[in-house]
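Have a look at the structure below before the remarks.
2 protein chains.
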Amino acid sequence: MKIVIVGIGLIGGSMAKAIRKNTEHSVYAIDTNHETITAAISQEVIDGEASLDELDRFDMVILGLYPETTIRFCLDNIRRFKKGGIVIDTCGIKSAIVEQVERPLKDAGVRFVGCHPMAGREFSGFAYSLDNLFEKASFIMTPTDDTVMSAVGEVSQFAYDIGFAKCVMASPEEHDRVIAFTSQLAHIVSSAYVKSPSLMDQAGFSAGSFRDLTRVAKLNEDMWTSLFMLNRRPLIDEISHIIEHLEEYRTALQEQDSEALHSLLRDGRLLKEKSNEAMAN
Amino acid sequence: MKIVIVGIGLIGGSMAKAIRKNTEHSVYAIDTNHETITAAISQEVIDGEASLDELDRFDMVILGLYPETTIRFCLDNIRRFKKGGIVIDTCGIKSAIVEQVERPLKDAGVRFVGCHPMAGREFSGFAYSLDNLFEKASFIMTPTDDTVMSAVGEVSQFAYDIGFAKCVMASPEEHDRVIAFTSQLAHIVSSAYVKSPSLMDQAGFSAGSFRDLTRVAKLNEDMWTSLFMLNRRPLIDEISHIIEHLEEYRTALQEQDSEALHSLLRDGRLLKEKSNEAMAN
Numbered sequence: 001m002k003i004v005i006v007g008i009g010l011i012g013g014s015m016a017k018a019i020r021k022n023t024e025h026s027v028y029a030i031d032t033n034h035e036t037i038t039a040a041i042s043q044e045v046i047d048g049e050a051s052l053d054e055l056d057r058f059d060m061v062i063l064g065l066y067p068e069t070t071i072r073f074c075l076d077n078i079r080r081f082k083k084g085g086i087v088i089d090t091c092g093i094k095s096a097i098v099e100q101v102e103r104p105l106k107d108a109g110v111r112f113v114g115c116h117p118m119a120g121r122e123f124s125g126f127a128y129s130l131d132n133l134f135e136k137a138s139f140i141m142t143p144t145d146d147t148v149m150s151a152v153g154e155v156s157q158f159a160y161d162i163g164f165a166k167c168v169m170a171s172p173e174e175h176d177r178v179i180a181f182t183s184q185l186a187h188i189v190s191s192a193y194v195k196s197p198s199l200m201d202q203a204g205f206s207a208g209s210f211r212d213l214t215r216v217a218k219l220n221e222d223m224w225t226s227l228f229m230l231n232r233r234p235l236i237d238e239i240s241h242i243i244e245h246l247e248e249y250r251t252a253l254q255e256q257d258s259e260a261l262h263s264l265l266r267d268g269r270l271l272k273e274k275s276n277e278a279m280a281n
Numbered sequence: 001m002k003i004v005i006v007g008i009g010l011i012g013g014s015m016a017k018a019i020r021k022n023t024e025h026s027v028y029a030i031d032t033n034h035e036t037i038t039a040a041i042s043q044e045v046i047d048g049e050a051s052l053d054e055l056d057r058f059d060m061v062i063l064g065l066y067p068e069t070t071i072r073f074c075l076d077n078i079r080r081f082k083k084g085g086i087v088i089d090t091c092g093i094k095s096a097i098v099e100q101v102e103r104p105l106k107d108a109g110v111r112f113v114g115c116h117p118m119a120g121r122e123f124s125g126f127a128y129s130l131d132n133l134f135e136k137a138s139f140i141m142t143p144t145d146d147t148v149m150s151a152v153g154e155v156s157q158f159a160y161d162i163g164f165a166k167c168v169m170a171s172p173e174e175h176d177r178v179i180a181f182t183s184q185l186a187h188i189v190s191s192a193y194v195k196s197p198s199l200m201d202q203a204g205f206s207a208g209s210f211r212d213l214t215r216v217a218k219l220n221e222d223m224w225t226s227l228f229m230l231n232r233r234p235l236i237d238e239i240s241h242i243i244e245h246l247e248e249y250r251t252a253l254q255e256q257d258s259e260a261l262h263s264l265l266r267d268g269r270l271l272k273e274k275s276n277e278a279m280a281n
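As given, the protein sequences belong to chains G and A, one line each in that order. The opening position of the first sequence corresponds to residue 1 in my numbering, with each subsequent residue numbered one higher. The opening position of the second sequence corresponds to residue 1 in my numbering, with each subsequent residue numbered one higher.
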């Protein structure tokens, strides 16, 4: 299969490296940063640079772009993709992408599948990409009534081939609702956590829990602003949930109600254990 | 040196194992759970069981007990400790302990130092104790005007000997204020995080950020209720700070203010980077 990756940052670059490591597919790239292309060629991660005019030569186009750029790239190049070929995106939100690009691509004879590789790092760019970033990770696909099912099978096989541990299917809306909780809220909470006036006093006073709670505060604000704004409602709901719960703990402390605090903590532990069990199954 | 550890759970047990691994000190234990004592002896972690009547034979007494039990043990056995010997506790809060036990122990001729080994696991009990739990960890000491400084030197040497990466000094009040942020708030936020109605939908939709944000929700609610209640004021302040900040992100989303959201995220990233730099120095 001949593959082109558009945008070889952290995700696109890791895709290229995982394809190189695990398959015999040829892999080309398009990127506005020419230095990145040069680095990827010299590291033998890609076979070469592709141009927009050559898009119809590729069986699969993987978009490693931010949400707005993903949509614009699809619509701007809609006549350039190979008829019957596959186009997938890798954005962390799905409804806003799928709603705008899937039907036009279908009408142009292109098989689109909305995808979200569930992996990342607190660094951006090709320099941080890894050939094993997707090991143990889920590959989420969000087919709709407009999706050509053959493409879902092919993309799913491709995801397993390049090292994903499992493929998961969900509607774009379900994806966005759950991701608001599992990923987006984590980044908001981490970002809010480091804003305490005690932040700079903590050298020598912190252990694993501080490190874990604040790791993802080191985020790419351009990308995350876009992801958050395109998933506002589910994310607002999740922020409201955690604020309400935090207020319960605060009230128990203010009222010196040990029993209530104990019960809040026990409930949290039981939920965490139940969730761990569900994930192990 | 002859050491006795009172309470060989996760921390006391790890202390015993670290002493055994790194030093020639003899180490005995007192624990209300006889099976734990038997296990520790059969695993050759301790040299034997000690009784309360033998406390005066030990140069150092390490208390691996919950806060209330720590205070009670000190006051109940105040005449039994060796004159000139050292007693240290290992509780996660310091003011409430130090205020109640240091002066009475001093009056009885016993050198007390309030201590907090900054390490833990999301499991409790001797079975989870590790001989390397304290590697890379800070050992915090909270001397006051009543502390005999020779004891601080000896305890500090002891901490380095058993594998701690560094010793840090703070007043009990400063310790409690900072720990409310670095450790206690992390446990509260993690516990609140898992209470979203989306919790059980997340299999296949989560990656490192969810795992990190919720790891410490699996806590020992008996111990943490006690630690939180004894450090209510600083902890209430920290919960209020994070709620206020979370509300800022929510407002930006509600008002569709991308610029404000971007700026909140950028501020968080910069603070996290600044904090990483400070910790590296």
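Virtual Cβ for every residue (Gly too), placed ideally from N, Cα, C.
Collapsing the DSSP output to three states places residue 62 of chain A in a strand. In this structure the segment 70–79 of chain A lies against the segment 88–107 of chain A, because at least three pairs of beta carbons, one per stretch, are closer than 8 Å.
Secondary structure of residue 172 of chain A (DSSP, three-state): helix.
In summary, residue 24 of chain A is exposed, with fewer than 16 beta-carbon neighbours lying within 10 Å of its beta-carbon over all protein chains present. If you check the CB distance, residue 216 of chain G and residue 198 of chain A do not come in under 9 Å. Within the model, the alpha-carbon separation for residue 50 of chain G versus residue 228 of chain G is close to 31 Å.
When only Cα atoms are considered, residue 246 of chain G and residue 171 of chain A end up about 28 Å apart.
According to the DSSP assignment, residue 4 of chain G belongs to the beta strand (DSSP E) that extends over 2–6. Residue 203 of chain G carries a coil assignment under DSSP once its states are collapsed to helix, strand and coil. Scanning A:147, A:126, A:142 and A:118 for the CA closest to the CA of residue 135 of chain A turns up A:118. 9 Å or more divides the Cβ of residue 141 of chain G from the Cβ of residue 110 of chain G.
For the 9 Å CB-CB criterion, residue 183 of chain A and residue 206 of chain G form a contact. For residue 103 of chain A, the uninterrupted alpha helix (DSSP H) segment begins and ends at 95–107. Within its own chain, the residues whose Cβ lies closer than 8 Å to the Cβ of residue 88 of chain G, once the five positions on either side in sequence are excluded, are 60, 61, 62, 63, 112, 113, 114, 115 and 155, listed in chain order. According to the DSSP assignment, residue 28 of chain G belongs to the beta strand (DSSP E) that extends over 26–30. Neighbourhood of residue 218 of chain G in chain A, by CB distance below 8 Å: 269, 272, 273 and 276, in chain order. Taking 7 Å as the Cβ-Cβ cut-off, the segment 165–183 of chain G approaches chain A at 166, 168, 177, 178, 179, 181, 182 and 183, given in chain order.
Beta-bridge analysis with DSSP links residue 166 of chain G to G:138. Cβ-Cβ separation between residue 191 of chain A and residue 253 of chain G: approximately 13 Å, too far for a contact (criterion under 8 Å).
Interface annotation, residue 127 of chain G: not in contact with chain A, CB-CB separation never under 9 Å. With respect to the 9 Å criterion, residue 93 of chain A and residue 231 of chain A are classified as neighbours on the basis of their beta carbons.
Contact annotation for residue 124 of chain G against chain A: no contact, minimum CB-CB distance about 11 Å [criterion: below 8 Å]. Flagged as an interface residue toward chain G: residue 194 of chain A, by a C-beta distance shorter than 9 Å. In the DSSP annotation of this structure, the continuous segment of the alpha helix (DSSP H) that includes residue 212 of chain A starts and ends at 208–214. Sorting A:276, A:236, A:20 and A:219 by C-alpha distance to the C-alpha of residue 194 of chain A places A:219 at the top. For residue 115 of chain A, no alpha helix (DSSP H) run applies; the uninterrupted beta strand (DSSP E) run containing it begins and ends at 115–117, by DSSP.
Within the segment 221–234 of chain A, those residues whose Cβ lies closer than 7 Å to any Cβ of chain G are, in chain order, 221, 224, 225, 228, 229 and 232. Within chain G, the residues whose beta carbon sits less than 7 Å from that of residue 214 of chain A are 272, listed in sequence order. Chain G places a beta carbon closer than 9 Å to that of residue 118 of chain A, counting this residue as a contact. Between residue 221 of chain A and residue 262 of chain G a beta carbon distance of about 5 Å is seen, short of the 8 Å cut, so the two are scored as contacting. With contacts defined as CB atoms closer than 9 Å, residue 19 of chain A and residue 52 of chain A fail to qualify as a contacting pair.
Looking only at G:178, G:225, G:224 and G:214, the smallest Cα-Cα distance to residue 202 of chain A is reached by G:178. Taking all protein chains in view, the Cβ of residue 175 of chain A is crowded by 16 or more other Cβ atoms within 10 Å, so the residue is classified as buried.
Under the DSSP assignment, residue 89 of chain G falls outside any alpha helix (DSSP H), being part of the beta strand (DSSP E) whose first and last residues are 86–89. For residue 240 of chain A, the residues of chain G that pass the 8 Å Cβ criterion are 250, in the order they occur in the chain. Along the segment 133–162 of chain A, the positions whose C-beta sits under 8 Å from a C-beta of chain G are 137, 138 and 140, read in chain order.
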